[in-house]
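Chemist: Please read through the structure below; I'll follow up with questions.
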Amino acid sequence: MLLYESTSTSRLYTKFAGIVSNRPDALFSLILLIFPGAMSRKPRIVILATGGTIAGSAASETGGSYTSAKIGVDDLLAVIPEIRHLADITGEQIASIGSQDMDEQTWLKLAKRCNELLAQDDVDGLVITHGTDTMEETAYFLHLTTRSMKPVVLTGAMRPANARSADGPMNLYEAVATAVSPESHGLGVMVVTNDTVFGARDVTKSCTTAIHTFQSPNFGPLGHIHAQAIEYQRKPQRKHTTESEFNVDQIEQLPKVAIVYAHAGADSALAVDAFASAGYDGIVHAGFGNGNFHSKVGEALHKATQKGVHVVRASRTGSGAVTEAGEVSDTELGSVAAGLLNPQKARILLQLALTVTRDRERVREMFRAY
Ligand code: GLU
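Residues in the sequence shown are numbered consecutively from 1, following the numbering used here.
Shown next as structure tokens:
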């Protein structure tokens, strides 16, 4: 009997091996046959909490003043029991700050922890709760420094946790729904708020107080969410996550890059000179229109590039690209055009670029690629 079974099993195996070599999907069907639970287990999501208004506590349910980062991840989850139907969820508190206090040390800690978790077979995706002030910067930093096709979704809130019509619980629920969706794989890091999924590269906080603050000015969102269903409209085209060459695993400190902001009559040559003399590796100039600047500022920027400081021309306009050909010659100035990156994101890309190269042409190529 035993012999019969093993012979028949071996025949079956040989037959199946033949099918599998022609049809790899048959292997998948076999796995489902043997382990029927393989597809039915709930996805596993880790929530990394950093603070922000989503964890904020207000003195009154309708008032405007509050303190961010007062509520821990477990209490955030306790008000949305339905979230446990979507996924098996565990939480970790990475920081407890308003995101105005977000800094590079916390970015590095977060990126390293994300990569550890994403490498685990028992983790299917990450959700990061974060203040909205600098969420777009953290999202873009992680978009370029995490190495996985698994979804990483940032979310937050504009109203504190105990406000009337707090937006945090639904945002967190929809962030988890986005993280467990198979369609979210390979889209890089995303921001989910107000029933909308944004790509990390394009998203920006556009309003000081409104719950629809996040927008993607040039291209619109990646998708919308209704009743847990996500309808994607487009995919990010630039390199990110698994295609990124930036690896911060061994990095303890990022290169120093400052942003100098333009305005009519600005004496910002002073600021450019100061950063260049203080040993900054780079300066992003948030210029007028298509990355323009006052002629005196231009002279200071030119002096800086001659000293070896990397200068990126971005724009304060809020949308549109700073193009390589315009009123400024990047070749003469020794600068790099930011393209569609806003100044705060251009700063992140320049910092990461300078961890890899000091060659100006390579930095330019990176601004075309990421
Ligand atoms: N300053 C807060 C923060 O970024 C305000 C915004 C928020 O979380 O909505 O943490």
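For every residue, glycine included, the Cβ atom is placed at its ideal position computed from N, Cα and C.
Keep in mind the model is a prediction, meaning the values are calculated, not measured.
Any heavy atom of the ligand GLU inside 7 Å of the beta-carbon of M170?
Modeler: No - the ligand GLU has no heavy atom lying nearer than 7 Å to the Cβ of M170.
Chemist: What distance in whole Å lies between the Cβ atoms of L108 and I94, which are believed to be in contact at a cut-off of 8 Å?
Modeler: So it is not a contact: roughly 11 Å between Cβ atoms.
Chemist: Applying the 10 Å Cβ sphere with the 16-neighbour rule, what's the burial state of E190?
Modeler: One point to set straight first is that residue 190 is Met, not Glu, in the sequence displayed. Counting Cβ neighbours within 10 Å, M190 comes out buried, since at least 16 surround it.
Chemist: So is S99 buried or exposed if we call it buried at 16+ other beta carbons inside 10 Å?
Modeler: With 16 or more other Cβ atoms within 10 Å, it is buried.
Chemist: Any heavy atom of the ligand GDP inside 7 Å of the beta-carbon of A314?
Modeler: The ligand GDP is not among the ligands present in this structure, which contains only the ligand GLU.
Chemist: Whose C-beta lies closer than 7 Å to the C-beta of N292 among residues of the same chain, with five residues either side of it excluded?
Modeler: E327 and V328, listed in sequence order.
Chemist: Quick one: does the C-beta of S383 sit closer than 7 Å to a heavy atom of the ligand GLU?
Modeler: Outside the shown range of the chain (1 to 370) lies residue 383, about which nothing can therefore be said.
Chemist: Pull up the distance between the alpha-carbon of L254 and that of E104, whole angstroms please.
Modeler: Spanning the two alpha carbons is a distance of roughly 7 Å.
Chemist: Which residues in the same chain have their Cβ closer than 7 Å to the Cβ of V203, if we skip the five residues on either side of it in sequence?
Modeler: Here the set comprises E136, A139, V191, F214 and S216.
Chemist: To the nearest angstrom, how far is the alpha carbon of T355 from that of I225?
Modeler: If I take the Cα positions, the gap works out to 37 Å.
Chemist: Starting from the N-terminal side, write out each stretch of the alpha helix (DSSP H) that is 4 residues or longer and does not extend beyond the segment 165–216.
Modeler: Listed in chain order, they are 168–180.
Chemist: Mind checking H130: buried by the 16 CB within 10 Å criterion, or exposed?
Modeler: Answer is buried; the Cβ neighbour count reaches 16.
Chemist: Could you check how far apart the C-beta atoms of A87 and V176 are, in whole angstroms? I think they sit under 8 Å.
Modeler: Sure, about 6 Å apart at Cβ, within 8 Å.
Chemist: Based on Cα-Cα distance, which residue from S65, K112 and V123 lies nearest to I47?
Modeler: Per the Cα distances, V123.
Chemist: Does DSSP classify N247 as helix, strand or coil?
Modeler: Looking at N247 - three-state DSSP - the assignment turns out to be coil, as it is neither helix nor strand.
Chemist: Taking only runs that begin and end inside the segment 86–135, name each unbroken beta strand (DSSP E) of 3 or more residues, in chain order.
Modeler: As far as the segment 86–135 is concerned, its whole beta strand (DSSP E) runs of at least 3 residues are 88–97 and 125–129.
Chemist: Leaving aside the five residues before and after E324 along the sequence, list all residues of the same chain whose C-beta is less than 7 Å from its C-beta, in chain order.
Modeler: Here the set comprises D330 and A337.
Chemist: Give the range of the alpha helix (DSSP H) segment to which E332 is assigned.
Modeler: Start and end: D330 to L333.
Chemist: Give the DSSP-derived three-state secondary structure of H302 in the structure shown.
Modeler: Residue state, collapsed to three classes: helix.
Chemist: Who are the near neighbours of I83 in its chain, counting only those whose CB is closer than 8 Å to its CB and skipping five residues on each side?
Modeler: Correct list, in chain order: L77, I89, L172, Y173 and V176.
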